[in-house]
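Novice: Counting from 1 along the sequence shown, just add 263 to a position and that's the residue number in the numbering used here. Virtual Cβ for every residue (Gly too), placed ideally from N, Cα, C.
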Amino acid sequence: EILTFPPERSRSYAFCSDTAYREKIIPIIKKVDLLYHESTFLESELALAKKTAHSTARQAGSIASQAEVKKLLIGHFSARYNEENFPTFIKEASDEFENVVIAEEQSTYIVE
Numbered sequence: 264e265i266l267t268f269p270p271e272r273s274r275s276y277a278f279c280s281d282t283a284y285r286e287k288i289i290p291i292i293k294k295v296d297l298l299y300h301e302s303t304f305l306e307s308e309l310a311l312a313k314k315t316a317h318s319t320a321r322q323a324g325s326i327a328s329q330a331e332v333k334k335l336l337i338g339h340f341s342a343r344y345n346e347e348n349f350p351t352f353i354k355e356a357s358d359e360f361e362n363v364v365i366a367e368e369q370s371t372y373i374v375e
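(1) With 16 other CB atoms within 10 Å as the buried threshold, where does E355 fall?
(2) If we ignore side chains and look at the alpha-carbon of each, how far apart do V363 and A320 end up?
(3) Whole angstroms is fine: what's the gap from P340's alpha carbon to E331's?
(4) Among residues of its own chain, excluding the 5 on either side of E301, which ones have a beta-carbon nearer than 8 Å to its beta-carbon?
(5) Rounding to the nearest angstrom, what Cα-Cα distance links E361 and A342 in this structure?
(6) How long is the line joining the alpha carbons of E359 and S325, rounded to whole angstroms?
(7) Out of E367, S328, P290, Y284, which has the shortest C-alpha to C-alpha gap to L309?
(8) With distances taken from CA atoms, which of L311, S307, S328 is nearest I289?
(9) Going by beta carbon distance, what residues of the same chain come within less than 6 Å of R274, once the five residues before and after it are set aside?
(10) Name the DSSP beta bridge partners of Y344, please?
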């Protein structure tokens, strides 16, 4: 106590990419500070997401909500989309989970 300071709070991060919607992951990522979860497709392409074993933005938001994470970072978008679609990705994920951010190339994200 005399020679040291209390340690900083531990932080946690989970990375879920190239994955279909799987509720089995929830106990493993429960309450992480930052969850990166793929959202390859919008909900209008749910059938294609299932067929190709990927997730939609809404599904990523659902996983984040069920796992009670602090922040959701979404990315790994299909090439059929461009930056003009980002607000729709945010909207669909935010319908399930409030604290959503779009992953952008060359950006750094702090685990808080």
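Specialist: Let me lay it out:
(1) Mapped onto the sequence shown, residue 355 falls at position 92. The residue is buried, with at least 16 neighbouring Cβ atoms inside 10 Å.
(2) In the sequence shown, counting from the first residue as 1, residue 363 sits at position 100. In the sequence shown, counting from the first residue as 1, residue 320 sits at position 57. So the alpha carbons of these two residues sit roughly 10 Å apart.
(3) Along the sequence shown, read from residue 1 onward, the residue named residue 340 stands at position 77. Along the sequence shown, read from residue 1 onward, the residue named residue 331 stands at position 68. Reading off the sequence, residue 340 comes out as Phe, not Pro. Cα-Cα distance, rounded: 23 Å.
(4) For the purposes of this step, residue 301 is taken as the residue at position 38 of the sequence shown. For E301, where only same-chain residues beyond five positions count, the Cβ hits under 8 Å are C279, S280, D281, T282, H317, S318, A323, I337, G338, H339.
(5) Your numbering for residue 361 matches position 98 in the sequence shown. Your numbering for residue 342 matches position 79 in the sequence shown. Computed Cα separation, rounded: 25 Å.
(6) Residue mapping note: residue 359 aligns to position 96 of the sequence shown, counting from 1. Residue mapping note: residue 325 aligns to position 62 of the sequence shown, counting from 1. E359 and S325: Cα-Cα distance of roughly 5 Å.
(7) Residue numbering aside, residue 309 sits at position 46 when the sequence shown is read from its first letter. L309 has its Cα closest to that of Y284, out of E367, S328, P290, Y284.
(8) Translated into the one-based positions of the sequence shown, residue 289 becomes position 26. Residue S328 is the option with its Cα nearest to I289.
(9) Along the sequence shown, read from residue 1 onward, the residue named residue 274 stands at position 11. Same-chain partners within the cutoff: D296, V374.
(10) The residue given as residue 344 occupies position 81 in the sequence shown. DSSP output for Y344 lists no bridge partner at all.
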